[in-house]
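Report on one structure; see the data block that follows.
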Amino acid sequence: MSITSLSPASRLLPTALGPVEYAERGSGIPLIVLHGTSGGYDQGLLLADVLGEDSGVRVIALSRPGYLRTPLSTAPGPLAQGALVHAVLDELGIERAAVAGVSAGGMAALWAAARDPERIGALVLIEALVRRQNIRGSALVDLLLTRRGIARAAVSAPVQLAMTRCVEPAADGWDPRRHVRRMTAATFPYRPRMAGSASDVEYAQSFIAPPARDLTLPTLILHGDRDRVVPAAAARELSELLPDARYREISGADHLGTVPSHTVRREIPAFLRERFPHA
9 MSITSLSPAS RLLPTALGPV EYAERGSGIP LIVLHGTSGG YDQGLLLADV LGEDSGVRVI
69 ALSRPGYLRT PLSTAPGPLA QGALVHAVLD ELGIERAAVA GVSAGGMAAL WAAARDPERI
129 GALVLIEALV RRQNIRGSAL VDLLLTRRGI ARAAVSAPVQ LAMTRCVEPA ADGWDPRRHV
189 RRMTAATFPY RPRMAGSASD VEYAQSFIAP PARDLTLPTL ILHGDRDRVV PAAAARELSE
249 LLPDARYREI SGADHLGTVP SHTVRREIPA FLRERFPHA
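Per this note's numbering, the very first residue in the sequence shown carries number 9; after that it's consecutive.
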């Protein structure tokens, strides 16, 4: 798979800070989705699949700087990416929206919310990195992810069986395990995601979140209790500091099992409807 096979599904948006790749799915309450490390707009769009067609949420998935067709120079680092969210809203003509940060995308989501808690009407943090952490992986893994045939191997039945051991079973017409397979596939092609991944690693090591006093907006925090990549303790502690936070810990879910969980599928649309009753 090449980057050109992905681009027809996305558009480049010129903003005051530089070009941003994005794609949309659904209609209703606008939700800017900031994906995690090794992601892109395609990974962000998968949240729309989790929420469902009738969720009443308009998912606007960005490729964060350094990923796919968004240049790293557009907005390097969480603080600049927080400002970029507002530049995107300006260009799309959206006065008020919610923002969701997934994993390493949580850093930028926090700064987007702190920049203007009135314009960002609600914050959603999903398995989010909310304080400094070493997320550096092995150089060998980076090399393997660029090798031919690795994408096919990653979505093979034996690998997926191992990856979904902490993922909830299917229920109510929704199968979280199928989502994990699609999320794995959305890591490839990996080479055009390497600059963004390296940038995330660099900024995560020294990340400083905005002060809790600047995060006065309604916040929903969702985290798996078996997450070893981004442990839940920091998210739990943040929820206790914020004035209007709702914390949901997902029993048995690891870092891959949180996004596709039935809890995420149920809680996010309900939370947004409360915060945007006239959308």
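The beta-carbon is built from N, C-alpha and C at its ideal position, and this holds for glycine as well.
Residue ranges of each alpha helix (DSSP H) within the region 103-134, 4 or longer: Secondary structure in the region 103-134: the alpha helix (DSSP H) runs of 4 residues or longer, each lying completely within the stretch, are 113-123 in chain order.
Could you say which of 138, 283, 266 and 142 lies nearest to residue 184 if we only look at CA atoms? Counting from 1 along the sequence shown, the entry for residue 184 is found at position 176. Of the candidates 138, 283, 266 and 142, 266 places its Cα closest to the Cα of residue 184.
Which partner residues does residue 68 have in the DSSP bridge list? Indexing the sequence shown from 1 puts residue 68 at position 60. BP columns for residue 68 point to 32 and 40.
Look up residue 257 in the DSSP assignment and say whether it is helix, strand or coil. Residue 257 sits at position 249 when you count from the first residue of the sequence shown. In the three-state DSSP reduction, residue 257 falls in the strand class (E or B).
Identity of the residue in 38, 112 and 50 nearest residue 216 by Cα: The residue given as residue 216 occupies position 208 in the sequence shown. Per the C-alpha coordinates, the member of 38, 112 and 50 positioned closest to residue 216 is 112.
Does DSSP put residue 216 in a helix, in a strand, or in coil? As a working note, residue 216 is residue 208 in the sequence shown. In the structure shown, residue 216 sits in coil (DSSP, three-state: anything other than H, G, I, E or B).
Taking the beta strand (DSSP E) that residue 19 belongs to, which residues open and close that run? Reading the sequence shown from its first residue, position 11 is the one you call residue 19. Counted as a single uninterrupted DSSP element, the beta strand (DSSP E) harbouring residue 19 occupies residues 19-23.
Within the same chain, show all residues whose beta-carbon is closer than 8 Å to that of residue 191, passing over the 5 residues directly before and after it, in chain order. On the sequence shown, position 183 is the one that residue 191 refers to. Result list for residue 191: 51, 54, 264, 267 and 268, in chain order.
Here's the rule I'm using: 16 or more other beta-carbon atoms within 10 Å means buried, otherwise exposed. How should residue 259 be labelled? Position 251 of the sequence shown, counted from the first residue, corresponds to residue 259. When all chains shown are included, residue 259 counts as exposed.
Where residue 72 falls, given that 16 or more other Cβ within 10 Å makes a residue buried: Stepping through the sequence shown from its first residue, residue 72 is reached at position 64. Only buried fits residue 72, as 16 or more other CB atoms lie within 10 angstroms of its CB.
Proximal residues to residue 246 (C-beta, below 6 Å), its chain only, five neighbours per side dropped: The residue labelled residue 246 in the question sits at position 238 within the sequence shown. So the qualifying residues of the chain are 138.
Flag this pair as yes or no: are the beta carbons of residue 108 and residue 222 separated by less than 7 Å? By one-based count along the sequence shown, residue 108 stands at place 100. By one-based count along the sequence shown, residue 222 stands at place 214. No, the Cβ-Cβ distance between residue 108 and residue 222 is not below 7 Å.
Are the beta-carbon atoms of residue 56 and residue 34 separated by less than 7 Å? By 1-based counting over the sequence shown, the position of residue 56 is 48. By 1-based counting over the sequence shown, the position of residue 34 is 26. Going by C-beta atoms, residue 56 is nearer than 7 Å to residue 34.
Count the other CB atoms within 10 Å of the CB of residue 181; is the residue buried (16 or more) or exposed (fewer)? Numbered from its first residue, the sequence shown carries residue 181 at position 173. Burial check for residue 181: the Cβ neighbour count within 10 Å stays below 16, so the residue is exposed.
Grouping DSSP H, G and I as helix and E and B as strand, with all else coil, what is residue 26? The residue given as residue 26 occupies position 18 in the sequence shown. In this structure, residue 26 counts as strand in the three-state DSSP scheme.
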